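Here the protein sequences come in this chain order: A and B. If you're matching positions, the first sequence starts at -14 in this note's numbering and goes up one per residue. If you're matching positions, the second sequence starts at -15 in this note's numbering and goes up one per residue.
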Amino acid sequence: MGCMNSKSVRKFPAREDSLDLAAETAFTVNEVEALFVLFRSISNSIVNDGLLSKEEFQLAIFKNKKKDNIFANRIFDLFDVKKLGVVDFEDFVRSLNVFHPNASLKDKIAFSFRLYDLHNTGFIERPEVKEMLIALLFESDMKLADDVIETILDKTFVEADLKQDGKIDTEEWETFVKRNPSVLKIMTLPYLRDITISFPSFIFNSTNVERVDETSTRL
Amino acid sequence: MKKVRRKIGKYEVGRTIGEGTFAKVKFARNSETGESVAIKVMAKTTILQHRMVEQIKREISIMKIVRHPNIVRLHEVLASQTKIYIILEFVMGGELYDKIVQLGKLSENESRHYFQQLIDAVDHCHRKGVYHRDLKPENLLLDAYGNLKVSDFGLSALTKQGADLLHTTCGTPNYVAPEVLSNRGYDGAAADVWSCGVILYVLMAGYLPFEEADLPTLYRRINAAEFVCPFWFSADTKSFIQKILDPNPKTRVKIEEIRKDPWFKKNYFPVKLGEDEQVNLDDVRAVFDDIEDQYVSERSEITEGGPLIMNAFEMIALSQGLNLSPLFDRHQDYVKRQTRFVSRKPAKVIISSIEAVAESMGLKVHSRNYKVRLEGVSANRVGQFAVVLEVFEVAPSLFMVDVRKATGDTFDYHKFYKNFCGKLGNIIWRPAGTMPNSNLRKQMTL
């Protein structure tokens, strides 16, 4: 934790860290630095430790730390690559990359598959989908009879479960998603294309202006 | 409400997703590959009446050859005894118009990005001798990844006559170049450039550069290019738009000059085009040369299109827990911005009930394809607010109505929602044992 603590007091990540993250993601160096400003504000909202906890993540999405949500939890678990219960900045950026408009369709499909594989069975199974559907209905204050829910699931699995074995594998998921692209709408955040504009509290200073020039030169 | 499956050749036809003056657009699926497509259906008599056969044949042939990532792709053309079917790529993300309406206006960078894609698409077609002639935000679609797709390229010849312009632009030619309005012969390329300029203005301003209640004044202002740039346009942007909205087509900036402009070149990445494929045009020739044995089979009667059918994953994707946008919106307090209810009434009854209640509340109503947009003045009279309602079928005879705030104050929205749903009570379905008022009260809990 000493290592983490020393990192958190830094105003910006070290330049080589930003360069590395920019190289392996769709973000530019400048955007990585903008993301750091964002990350710092949300990750220190409850505990000032430079790490993002599940509570802080929920608070950032719902502006209410008491709000619990099966889907936000699931996204957090996928961001928590090291399974430490908290997310550091590097994993935050790498995970957020899949939501960039320029991220590949293949990566978006793979992430969405893991997202919906709630119990990490390696398949999207009918009980998992039912659990998620009921959670959505609860969140929306809509109540549907169990037989209606089963009808919706039947219809969906007829289309998605091509092998008709009661679960969806990665191959079936890819086929299903390509036929129903609106299922992937949540996998793209247009904000990320323009993050230095969308995140207005990030203000350029002379150092950053120089970096912009370097970035332009590199391009 | 049993729906009859309808097929045109290998395409299973679904709901109507668009309706224009001369054509209806239907969603369909290629039953051989599973691919989603849009089918533009035109009556042969319409084409014959306007003596457009050769021109449309030429332009469709070219569009079949054109391959560009920012242009909706034309797959093939089919014909029956009475109709021509143009099979197009299906674009999932909706219209750019809806995005402008939703966001008010776009940032300079975002606007530039769409404009760059638009110019790439328009330039690509102009080089092949095809002009759009009806460019407007409603013809600009967004795919699932937010990329622009220009629709109806090469298919707007039907609207060439002056009288038809009024119909296609809903009564006012806000996007049309001055030389087109004056009904003298005009250069398609220059006219398209003008329309691109109007679109760029709309993206960045959130409103039209030329908009008047009476047509003569509107025509005069367009002919004089009499417009004002809002204060938030940078000097470079202003100068750039003025070069495009030059009323003289001879001195108006051309696409190659646009490409060289520093404003345009910022963050510009030229699109990579694939090799031109060998494309079979036999289907186009068959359709337009009227060879009878090439007619496509049509099966079963046309039935009314219904609302979009949602699968379980599309419903799950509505959850706010899957929407990460609030991470980037640090200034807005969370309030439930999405609300929805379930109904067992027929979809058309739901729509007509929504319209009737909205009108009784003095709201402006825009309805299209099971989507309704309501506009009104906020309670404190300071601003406007707008709400979008959309009907989805989730199970046989069971519909979900998604209600969301498009613009305006969130507090106004929730007062509206409570009031509106109170009036809609007769179509909102609640399981036995649920008290109507307690349900609404529960929904309002923050």
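Ideal Cβ placement from N, Cα and C applies to all residues, glycine included. Being a predicted model, the structure only gives us computed values, none of them experimental.
Which of helix, strand or coil DSSP assigns to residue 308 of chain B: Walking along the second sequence from the start, residue 308 of chain B turns up at place 324. Note: residue 308 of chain B maps to coil in three-state DSSP.
For residue 396 of chain B, name the three-state secondary structure that DSSP assigns. Numbered from 1 along the second sequence, position 412 holds the residue referred to as residue 396 of chain B. Residue state, collapsed to three classes: helix.
Neighbour list for residue 25 of chain A in chain B, Cβ cutoff strictly below 7 Å: For the purposes of this step, residue 25 of chain A is taken as residue 40 along the first sequence, with counting starting at 1. The contacting residues do not exist; residue 25 of chain A stays about 12 Å from chain B at best.
Exposed or buried, which one is residue 268 of chain B when buried takes at least 16 other CB atoms within 10 Å? Here the question's residue 268 of chain B lines up with position 284 in the second sequence. Residue 268 of chain B is buried by the Cβ-count criterion.
Helix, strand or coil for residue 280 of chain B per DSSP? For this step, residue 280 of chain B is matched to residue 296 along the second sequence. Three-state DSSP puts residue 280 of chain B in coil, outside helix and strand.
What number of angstroms, rounded off, separates the C-alpha of residue 3 of chain A from the C-alpha of residue 17 of chain A? Residue mapping note: residue 3 of chain A aligns to position 18 of the first sequence, counting from 1. Residue mapping note: residue 17 of chain A aligns to position 32 of the first sequence, counting from 1. Approximately 6 Å, taken between the alpha carbons.
Give the straight-line distance between the Cα atoms of residue -2 of chain B and residue -9 of chain B, rounded to the nearest whole angstrom. Taking the second sequence and counting its residues from 1, one reaches residue -2 of chain B at position 14. Taking the second sequence and counting its residues from 1, one reaches residue -9 of chain B at position 7. Approximately 9 Å, taken between the alpha carbons.
Among B/181, B/227, B/271, which has the Cα closest to the Cα of residue 28 of chain B? If you number the second sequence from 1, residue 28 of chain B lands on position 44. Comparing Cα positions, the closest option is B/271.
Which same chain residues, not among the five before or five after residue 171 of chain B, have their C-beta less than 6 Å away from its C-beta? In the second sequence, counting from the first residue as 1, residue 171 of chain B sits at position 187. Counting only Cβ-Cβ distances below 6 Å, and skipping sequence neighbours, we find 233.
Compare the Cα-Cα distances from residue 414 of chain B to each of A/5, A/130, A/136, A/146 and report the closest residue. Reading the second sequence from its first residue, position 430 is the one you call residue 414 of chain B. For the set A/5, A/130, A/136, A/146, the Cα lying nearest the Cα of residue 414 of chain B is the one of A/130.
Check whether chain B comes within 8 Å of residue 164 of chain A, counting only Cβ atoms and requiring the distance to be less than that. Here residue 164 of chain A refers to the residue found at position 179 of the first sequence. It does; some Cβ of chain B falls within 8 Å.
Would you say residue 84 of chain A reaches chain B, if we count a Cβ-Cβ gap shorter than 8 Å as a contact? What you label residue 84 of chain A is simply residue 99 of the first sequence in a count that begins at 1. Chain B, which has a Cβ nearer than 8 Å to the Cβ of residue 84 of chain A, makes this yes.
In chain order, what residues of the same chain lie with their CB nearer than 6 Å to the CB of residue 159 of chain A, ignoring the 5 residues before and after it? For the purposes of this step, residue 159 of chain A is taken as the residue at position 174 of the first sequence. A distance below 6 Å between beta-carbons, with the five flanking residues on each side excluded, links residue 159 of chain A to the following residues of its chain, in chain order: 94.
Residue -7 of chain B: buried (16+ other C-beta within 10 angstroms of its C-beta) or exposed? Position 9 of the second sequence, counting from 1, holds the residue named residue -7 of chain B. It counts as buried.
Less than 7 Å separating the Cβ of residue 138 of chain A from some heavy atom of the ligand MG? Here there are no bound small molecules, and the ligand MG is not part of this structure.
With DSSP as the reference, label residue 287 of chain B as helix, strand or coil. In the second sequence, the residue the question calls residue 287 of chain B occupies position 303. Confidence at residue 287 of chain B is low in this model, with a pLDDT of 44, below 50, so the placement of that residue should be treated as unreliable; the coordinate-derived value is given next. Of the three classes helix, strand and coil, the one that applies to residue 287 of chain B here is coil, per DSSP.
Check residue 111 of chain A in the structure and name its three-state DSSP category. For the purposes of this step, residue 111 of chain A is taken as residue 126 along the first sequence, with counting starting at 1. It is helical.
Bounding residues of the beta strand (DSSP E) (the contiguous stretch that carries residue 388 of chain B): Residue mapping note: residue 388 of chain B aligns to position 404 of the second sequence, counting from 1. It spans 382 to 391 - the beta strand (DSSP E) in which residue 388 of chain B sits, taken as one unbroken run.
Buried or exposed: residue 357 of chain B, going by 16 or more other Cβ atoms within 10 Å of its Cβ? Translated into the one-based positions of the second sequence, residue 357 of chain B becomes position 373. With 16 or more Cβ atoms within 10 Å of its Cβ, residue 357 of chain B is classed as buried.
Looking at chain B, is there any beta carbon in it that lies within less than 8 Å of the beta carbon of residue 54 of chain A? Taking the first residue of the first sequence as position 1, residue 54 of chain A is located at position 69. It does: the Cβ of residue 54 of chain A has a partner Cβ on chain B nearer than 8 Å.
Between the beta-carbon of residue 254 of chain B and the beta-carbon of residue 354 of chain B, is there less than 8 Å? Reading the second sequence from its first residue, position 270 is the one you call residue 254 of chain B. Reading the second sequence from its first residue, position 370 is the one you call residue 354 of chain B. Taking 8 Å as the Cβ cut-off, residue 254 of chain B and residue 354 of chain B do not qualify as a contacting pair.
Quick one: which residues of the stretch -5 to 26 of chain B get their C-beta closer than 8 Å to a C-beta of chain A? List them in chain order. 13, 18, 19, 20
Go through the stretch 35 to 84 of chain B residue by residue and report every complete run of the beta strand (DSSP E) that reaches 3 residues or more, in order. Runs found: 58 to 63, 67 to 73.
Hey, does residue 223 of chain B have any beta-carbon neighbour from chain A nearer than 8 Å? Along the second sequence, one-based indexing puts residue 223 of chain B at 239. At least 8 Å separates the CB of residue 223 of chain B from every CB of chain A.
Look at the alpha carbon of residue 152 of chain A and the alpha carbon of residue 136 of chain A, and state the distance between them as a whole number of angstroms. Sequence index remark: in the first sequence, residue 152 of chain A carries index 167 (1-based). Sequence index remark: in the first sequence, residue 136 of chain A carries index 151 (1-based). Near 16 Å, if we compare the C-alpha coordinates of residue 136 of chain A and residue 152 of chain A.
Would you say residue 258 of chain A lies against chain B (beta-carbon separation less than 8 Å)? The structure shown has nothing for residue 258 of chain A, since chain A only spans -14 to 204.
Reduced DSSP category for residue 149 of chain A - H, G, I as helix; E, B as strand; rest coil: Taking the first sequence and counting its residues from 1, the one referred to as residue 149 of chain A is at position 164. If DSSP states are grouped into helix, strand and coil, residue 149 of chain A belongs with coil.
Leaving out five residues before and five after residue -4 of chain B in sequence, what residues of the same chain have Cβ atoms less than 7 Å from its Cβ? For this step, residue -4 of chain B is matched to residue 12 along the second sequence. Correct list, in chain order: -11, 12, 13, 15.
Which term fits residue 229 of chain B, buried or exposed, when burial requires 16 or more other beta carbons within 10 angstroms of its beta carbon? Residue numbering aside, residue 229 of chain B sits at position 245 when the second sequence is read from its first letter. By the 10 Å Cβ count, residue 229 of chain B comes out buried.
Since residue 47 of chain B meets chain A, which of its residues come closer than 8 Å, beta carbon to beta carbon? Start at 1 with the first residue of the second sequence, and residue 47 of chain B comes out as number 63. Simply none; closest approach about 22 Å.
Is the Cβ-Cβ distance between residue 379 of chain B and residue 133 of chain A less than 8 Å? Residue 379 of chain B sits at position 395 when you count from the first residue of the second sequence. Residue 133 of chain A sits at position 148 when you count from the first residue of the first sequence. Contact: yes.
Could you give the distance in angstroms between the alpha-carbon of residue 376 of chain B and the alpha-carbon of residue 44 of chain B? For the purposes of this step, residue 376 of chain B is taken as residue 392 along the second sequence, with counting starting at 1. For the purposes of this step, residue 44 of chain B is taken as residue 60 along the second sequence, with counting starting at 1. A direct Cα-Cα distance of roughly 34 Å separates residue 376 of chain B from residue 44 of chain B.
Comparing the C-beta of residue 110 of chain A with each C-beta of chain B, is any distance below 8 Å? Counting from 1 along the first sequence, the entry for residue 110 of chain A is found at position 125. Closer than 8 Å: no.
Within 9 Å of chain A by C-beta, residues of the stretch 164 to 186 of chain B in sequence order: none
Leaving out five residues on either side along the sequence, give the residues of the same chain with a beta carbon under 6 Å from the beta carbon of residue 248 of chain B. Along the second sequence, one-based indexing puts residue 248 of chain B at 264. Excluding residues within five positions, the ones whose Cβ falls inside 6 Å are 242.
Give me the residue from A/101, A/73, A/63 with the minimum Cα distance to residue 27 of chain A. On the first sequence, position 42 is the one that residue 27 of chain A refers to. Closest by alpha carbon: A/73.
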